[in-house]
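These notes are about the structure you will find just below.
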Amino acid sequence: MKRVRSWIQSKLCQWLVKEGPLSSVPLCDFNRLSYELRPGDVLLVEGKSRVSEVIKLITQSNWTHSALYIGKINEIENDELRATAQRHYKGDKNERLLVEALLGEGTVIVPVSKYKHHHLRICRPTGLCPEDARHITAYVINRLGSNYDVRQLLDLARFFFPWTILPRRWRSTLFQHNVGASTRTVCSYLLAAAFSEVNYPILPFIDRGEDGSLRFYKRNPRLFTPKDFDYSPYFNIIKYPFLGLDDLGVYRKLPWGDSASIYNDDEKDFLARELTARQVIRPQPIDKRRKDIHLVATNDKQPEKSNNDESESGPCLKRGG
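Heads up, the sequence shown is in our numbering, so the first residue is 342 and it goes up one at a time.
This is how it looks when you write it as structure tokens:
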């Protein structure tokens, strides 16, 4: 029975994580973005899989996945951590790497190039000490091999339904301390827990005392979603658009299409209709050799005409009255 259940779960996960068609023109400059990544940066990803569409619906955000940049394997200073990373990644040692938690795979190491054709954004923790960045990197590397907590994803979804339909705390794992903490995780929880280890704030609960003093409290890391890193005031947002607009007024030179054509989201036949419209209204090329298009050059001195010629000439050439 367990074998059948595992087979069903495997097939379901494959169906959920299968990527849909990606844009032929990415929204970001991947080469520049990957070059600027630093260890400890959070990389947000707009996924195109079925589970990504579910997460978009749950969180009301386009950011469906988050991963932590750990640098290259050769850049990991700790020998034990470097050996752990090498056991879980057999690729090029000079490849820039991420640690992420994936449905159907668990916590794994992947190259940054995996997301070359996705919409990406860097969330950089402001003022993070190098020592704490190494501690955060060590935390996620030590979690490699952990399973993905599907139950937590489902429990998180309940937070976005009315309480009267499904009580948020009823049989929820989100409020049970250390439930499967060492064996299961999801992408946002993994990163939130890592930053919590060094007391770095993401979206903390802040209390102001009667004397005006402030006290920070850690938020439950199981309640975080990818968009929280984008929303947090303690992370700098770094973007590298595919077409940079650094120069003043350069947006005026963008190759805009017909101003009358407006694209609505998810219009699959938009480009086909545009191509058809351009073919219909495209002007015919002018043939300069056509005999009906010519220029007549006239001399200052008009030729003398006889009385016979006068009757054959147009009214504009008649003289006298």
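Each residue gets a CB set at the ideal place from its N, CA and C atoms; glycine is no exception. Values in this document were obtained by computation on a predicted structure and should not be read as measured data.
Three-state secondary structure assigned by DSSP to VAL345: Assignment of VAL345 by DSSP, reduced to helix, strand and coil, places it in the helix class.
Cβ-based neighbour list, LEU531, same chain, cut-off 7 Å, excluding 5 preceding and 5 following: ALA442, THR448, VAL481, ARG484
Simplified DSSP state of ASP641, which is helix, strand or coil: At ASP641 the pLDDT is 49, less than 50, meaning the model places this residue with poor confidence; the figure from the coordinates comes in the next sentence. Of the three classes helix, strand and coil, the one that applies to ASP641 here is coil, per DSSP.
Three-state secondary structure assigned by DSSP to LYS359: coil
Proximity of TYR410 and LEU368 at Cβ, strictly below 8 Å: no
Segments of 3+ residues assigned as beta strand (DSSP E) that fall wholly inside the region 383-441: Counting only runs of 3 or more, we get 383-387, 406-412.
CA-to-CA distance, PHE371 to LYS457, given in whole angstroms: The C-alpha of LYS457 lies about 6 Å from the C-alpha of PHE371.
Distance between LEU422 and ALA479 (C-alpha atoms, nearest Å): 7 Å
Segment limits, alpha helix (DSSP H) that includes ASP571: 568-572
Span of the alpha helix (DSSP H), counted from its first residue to its last, around ARG475: 471-482
Contact check, HIS429 vs GLY486, beta carbons under 8 Å: yes
Whether GLU538 touches HIS476 by CB criterion (8 Å): yes
Coarse secondary structure for TYR541, derived from DSSP in three states: Note: TYR541 maps to coil in three-state DSSP.
Bounding residues of the alpha helix (DSSP H) (the contiguous stretch that carries SER376): The sequence given here has Tyr at residue 376, not Ser. Run containing TYR376: 371-377, per the alpha helix (DSSP H) assignment.
Residues of its chain near MET342, where Cβ-Cβ distance is below 6 Å and the 5 sequence neighbours each way are ignored: none
C-beta atoms of LEU444 and VAL392 nearer than 8 Å: Contact: yes.
Alpha carbon of ARG560 to alpha carbon of PRO542, nearest angstrom: Rounded to the nearest angstrom, the two C-alpha atoms are 9 Å apart.
In DSSP terms, what VAL732 is bridged to: Absent from the structure is residue 732, since the part of the chain shown begins at 342 and ends at 662.
Boundaries of the beta strand (DSSP E) in which HIS460 is found, first to last residue: 460-466
Top-ranked residue by Cα proximity to PRO545, from SER529, GLY381, ASP569, ARG593: ASP569
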